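Here full-length UniProt numbering is used: the first residue of the sequence shown is 1, the next is one more, and so on. Yeah, the Cβ is synthetic: ideal placement off N, Cα and C, and Gly gets one too. Values in this document were obtained by computation on a predicted structure and should not be read as measured data. Comments concern the structure below.
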Amino acid sequence: MSTRTIAQQLDASVEFVGPHKVLRPLPHRQLKQVDPFIFIDHMEKRQLAPGEEMRIPPHPHAGFEVVTYLLEGEFFHRDSAGHDQIARAGDLNWMTSGKGIVHSEGPTADFIREGGGMELMQVWINLPASKKGMEPDFHHYASADLPVVKDGAAAVKVLVGELKGKKSPVITQTPMYYYDVTLEAGDVWLMPVPENFTAGIYLMSGGLQVTGQPVSKRQLVTFEANGNQVALRATEKARFIAFGGEPIGEKVVSYGPFVMNSFDEIQEKIMDFERGKMGMLES
Numbered sequence: 001m002s003t004r005t006i007a008q009q010l011d012a013s014v015e016f017v018g019p020h021k022v023l024r025p026l027p028h029r030q031l032k033q034v035d036p037f038i039f040i041d042h043m044e045k046r047q048l049a050p051g052e053e054m055r056i057p058p059h060p061h062a063g064f065e066v067v068t069y070l071l072e073g074e075f076f077h078r079d080s081a082g083h084d085q086i087a088r089a090g091d092l093n094w095m096t097s098g099k100g101i102v103h104s105e106g107p108t109a110d111f112i113r114e115g116g117g118m119e120l121m122q123v124w125i126n127l128p129a130s131k132k133g134m135e136p137d138f139h140h141y142a143s144a145d146l147p148v149v150k151d152g153a154a155a156v157k158v159l160v161g162e163l164k165g166k167k168s169p170v171i172t173q174t175p176m177y178y179y180d181v182t183l184e185a186g187d188v189w190l191m192p193v194p195e196n197f198t199a200g201i202y203l204m205s206g207g208l209q210v211t212g213q214p215v216s217k218r219q220l221v222t223f224e225a226n227g228n229q230v231a232l233r234a235t236e237k238a239r240f241i242a243f244g245g246e247p248i249g250e251k252v253v254s255y256g257p258f259v260m261n262s263f264d265e266i267q268e269k270i271m272d273f274e275r276g277k278m279g280m281l282e283s
């Protein structure tokens, strides 16, 4: 076994989705992607007051997959393909935008009325050029259906991929993994990574040493492709996401909610949306 070295260690930026603050480790001014992962938003835990609105109105996507992992709260998803789903803490929503879809999301009406704690991760995963024209689709995965694995000292929720013989039910368009990992203070985990995969971690809480280098909350770490494991040690109780996959290796051109391979394709998707080809969804 050979241990990967750190490629980059970056602080998440603070961004706003409407009036709501999120942390955005990816993309970064120094890092466009961890191929095929192209976008990560972390809405840290916050308390919503009763009646506080946080819904995202209908908007289009094309050319990639939108993955929403709800850590706390209650979240709805609706889209122009007819899907209507409520996610609860620990659930995963997986939307393949493909050739184009319109969706809306946010806390449910009941949750807004009552208020409560809300935390989530949303990642965007690129599609290869050969699949950007596929039919849009949506799948919901309940928390109980996502395996939790004890790998040495690590408690790992396998959102995507496989670990220690336990496989997530999520079907992906390219090979990848996406884990929710907890380590107690002082614990060490040698995380296995296929040699041909990219690899990154984002620390949501606590503290880590990664190959001996201190890593703080809200930092993203990526790794060189020079080994088949990553060495992690918790300096205090830590929770982080670990992710990566087989690189697509294609040119990425993104514009707002569209991720394609050329500016001409972006223009085509804008026109598709304006002409109603992605379907319609009422607010």
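For residue 263, which residues in the same chain have their Cβ closer than 7 Å to its Cβ, ignoring the five residues on either side in sequence?
253
Within its chain, find whatever has a CB closer than 6 Å to the CB of residue 93; leave out the 5 residues flanking it on each side and keep chain order.
68, 77, 87, 140
Taking the continuous beta strand (DSSP E) assigned at residue 197, which residues delimit it?
Careful: residue 197 lies outside any beta strand (DSSP E) and carries neither H nor E.
Start and end residues, alpha helix (DSSP H) containing residue 271
263-274
Spatially closest choice to residue 4 from 198, 279, 258, by CA coordinates
Answer by Cα proximity: 198.
Sort 168, 163, 80, 48 by Cα distance to residue 119 and report the nearest one.
48
Skipping 5 residues on each side, what residues in its chain have a beta carbon closer than 7 Å to that of residue 166?
147, 149, 158
Whole-Å CB distance - residue 138 paired with residue 79, under 8 Å assumed:
Contact holds; Cβ gap of about 6 Å.
Spatial neighbours of residue 7 within its chain, please: CB distance less than 6 Å, with the 5 preceding and 5 following residues excluded, ordered by chain position.
222, 223, 224
Three or more C-beta pairs closer than 8 Å, one from the region 19-29 and one from the region 57-65: is that the case here?
Contact fails between the region 19-29 and the region 57-65, because fewer than three Cβ pairs, one in each stretch, are under 8 Å apart.
Please look up how many angstroms separate the CB atoms of residue 122 and residue 41, rounded, as I've assumed it's under 8 Å.
5 Å
When you compare each of 97, 133, 191 to residue 156 by their alpha carbons, which one comes out closest?
191
For residue 153, three-class secondary structure by DSSP
coil
How many angstroms separate the CA atom of residue 270 from the CA atom of residue 105?
Answer to the nearest angstrom: the Cα atoms are 21 Å apart.
Boundaries of the beta strand (DSSP E) in which residue 89 is found, first to last residue
Note, residue 89: premise wrong, no beta strand (DSSP E); not H, not E.
Measuring alpha carbon to alpha carbon, tell me which residue in 210, 130, 278, 82 is nearest residue 285.
Nothing about residue 285 can be read from this structure; the chain reaches only from 1 to 283.
DSSP three-state call for residue 101: helix, strand or coil?
strand
Please classify residue 244: is it buried, with 16 or more other beta-carbons within 10 angstroms of its beta-carbon, or exposed?
So residue 244 counts as buried.
Do you know offhand how far residue 170's Cα is from residue 133's?
20 Å
Count the other CB atoms, across all protein chains shown, that sit within 10 Å of the CB of residue 265; report buried if there are 16 or more and exposed otherwise.
buried
So, are the CB atoms of residue 126 and residue 33 less than 9 Å apart?
yes
Should residue 74 be labelled buried (16 or more other beta-carbon atoms within 10 Å of its own) or exposed?
buried
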